[in-house]
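Which chain is which? The protein sequence lines are A and B, in order. Residues in the first sequence are numbered consecutively from 60, following the working numbering. Residues in the second sequence are numbered consecutively from 2, following the working numbering. Note that the Cβ used here is the ideal one computed from N, Cα and C, for glycine as well. Please read these numbers as outputs of a predicted model, since none were measured by experiment. Notes for the one structure printed next.
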Amino acid sequence: AQTVTQSQPEMSVQEAETVTLSCTYDTSESDYYLFWYKQPPSRQMILVIRQEAYKQQNATENRFSVNFQKAAKSFSLKISDSQLGDAAMYFCAYRSAGFGSNFGNEKLTFGTGTRLTIIP
Amino acid sequence: DVKVTQSSRYLVKRTGEKVFLECVQDMDHENMFWYRQDPGLGLRLIYFSYDVKMKEKGDIPEGYSVSREKKERFSLILESASTNQTSMYLCASRPTGLNSGNTIYFGEGSWLTVV
């Protein structure tokens, strides 16, 4: 079974600075997807960024980028120019890839989350 | 925008009560999920459904059941609520397809307290 580990329960960063949230995972599969989700206080969980394991290039979405190290099974999230609106719980998640079947590869496995505080 | 709506944001129920948590999505997604979120444990999958009347157990199905009579609606049922089921429950949906790495959409969550 796949596992996802987020070793930082809480992080804080000064506004406008850069912060990196770490995530490691364990899998024997070669094809999969990795995600970072953001859950603001009392608000809906939304997707921040997604990485396909077969792609060597690290995904980037505006101020958010990942450092994907497949051999090391590491998937960290870097937030540049941190803003007050970035304060949230961040979850790393893993999902197996696959074709055709809906059964068995739909499960999204989450880490335990990192609470990010932005210091004004 | 995809909308996943959970009918109740905050509920307080008594031990032994039967509890229904309702979830509706408006994008004709085949797959729907119920997760439970607890501090320090992240999100854990309770049940999922990949089609009408189809369901599969997730990691923690004990004490729960689900119903999917219509494609847009996925209900989580606590047959006899217990205090250890006090938690936040998240519903989600996702389409099927070869491009199956696409995102999953979450509802806002239902906070359930069992007293």
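Query	Result
Please work out which residues of its chain come closer than 7 Å, Cβ to Cβ, to K72 (chain B), disregarding the five sequence neighbours upstream and downstream, and give them in chain order.	D29 and V53
Assuming T114 (chain B) is part of the beta strand (DSSP E), what are its boundary residues?	S111 to V115
Buried or exposed: where does Y11 (chain B) fall if 16 or more other Cβ atoms within 10 Å of its Cβ makes it buried?	exposed
Quick check on the burial criterion: 16 or more other C-beta atoms within 10 angstroms. Buried or exposed for S81 (chain B)?	exposed
Output yes if chain A places a C-beta closer than 8 Å to the C-beta of F21 (chain B); else output no.	no
Report the three-state DSSP secondary structure of L42 (chain B) (helix, strand or coil).	coil
For the segment 88-106 of chain A and the segment 65-73 of chain A, state whether three or more C-beta atom pairs, one from each stretch, are separated by less than 8 Å.	no
How close, in whole Å, do the beta carbons of Q26 (chain B) and K4 (chain B) come, if the pair is a contact with beta carbons under 8 Å?	7 Å
Alpha carbon to alpha carbon, how far is V116 (chain B) from A130 (chain A)? Give it in angstroms, no decimals.	47 Å
For the structure I just gave you, are there three or more beta carbon pairs, one from the segment 82-93 of chain B and one from the segment 72-86 of chain A, closer than 8 Å?	no
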